[in-house]
Amino acid sequence: MTSFASLADLLARENPLLLPVAHDALSARMIERAGFAAGAIGGFGVIGCRTGLPDLGLASFGEIGAAVRDIAGATALPLIVDADDGYGDVKNVVRTTRVYEEMGISAIVLEDQVSPKKCGHAAVTREVVPTAVMEAKLAAAIEARRNPGFAIVARTDARLVEGLDAAIERGRRYVAKGADALFVEAPTSVEELERIGAAFDVPLIVNAAEGGRTPVLTPGQYRELGFSIILYPATLLLRMVGMFERTLAALRTGEFADEGALPAFNVLTGIMGMDEWMEIDRRHG
């Protein structure tokens, strides 16, 4: 079961906070096993792995919420969850906030895209809602939470729609409305990252998306630019798909691909909690 920790506590433990993004319960367990202080759950990977669909607003809150519940139940890591646009109007935002807080999630990220939302780095056209609409959603989420340590992170996708100046202005308004942290999605250069970092004194999130629009830098470089939370949204998923493709291509010819040393089978079952469940069986079965 996920462990709650406030954003302030997480940043006190590690700054910058490195957050590999889990796409299912097994990847969350592996992030925990690798020693990370926290993890994240992203819609892109969850939707892709659970339904085989792209991140274009095709999945409902019920589908995504069920996946988040599975993941949260499989790891003791504190988790930050992508809540898209809140899955509707302010009423839906309130429900989304309450459901994720009840799951023990540490923070949710709400974005200002028009529904149906689209992946922030995909080569597709997107729109953003009026700033006042997003401010209302943030106000509703902040009022709905019971624990003030449950963080509401505001994300703006305005950079690719209205330009960087507008995105920064939106960010200022979202912080003034009470957002605990800010995520200006898809800056396209180090200079833009520098401008964002200099404009705010709240925790800032950056997406280190390989193959995306934002420069992928080292954690230290991001920290120098003013970013304290680094998301790795596709790092695990890209490598998983790449290895699957190589392995399946070789297997189609009747051979095993040479992927280097593989984990022993008991390591795989250990990640799944085999020893814990067999101990329950031993004591009570």
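Residue numbers (the numbering used here): 16 to 300. Just so you know, even glycine gets a beta-carbon here, dropped at the ideal spot from N, CA and C.
Excluding sequence positions up to five before and after residue 207, its CB lies within less than 8 Å of the CB of 174 and 179, all in the same chain and listed in chain order.
Between the alpha carbons of residue 246 and residue 125 lies a gap of roughly 15 Å. Counting only residues of its own chain and dropping the five nearest sequence neighbours on each side, residue 164 has a CB closer than 6 Å to the CB of 21.
By the neighbour-count criterion, in which 16 or more other beta carbons inside 10 Å mark a residue as buried, residue 73 falls on the exposed side. Across the structure, residue 120 and residue 269 are spaced so that their CA atoms are roughly 44 Å apart. Taking the Cα of residue 195 as reference, the smallest distance to any Cα among 220, 210 and 19 is reached at 220. Contact between residue 248 and residue 83 is ruled out by a C-beta separation of about 15 Å, above the 8 Å threshold.
Straight-line measurement puts the Cα of residue 272 at about 5 Å from the Cα of residue 262. When 114, 118, 110 and 188 are compared, the shortest CA-CA separation from residue 146 is found for 188. Checking the DSSP bridge columns, you'll see residue 222 partnered with 246. The C-beta distance from residue 38 to residue 63 rounds to 7 Å, short enough to meet the 8 Å contact threshold. For residue 286, the enclosing alpha helix (DSSP H) has its first and last residue at 280-286.
For residue 234, the uninterrupted alpha helix (DSSP H) segment begins and ends at 234-239.
Under the three-pair Cβ rule at 8 Å, the stretch 104-114 does not count as touching the stretch 85-94.
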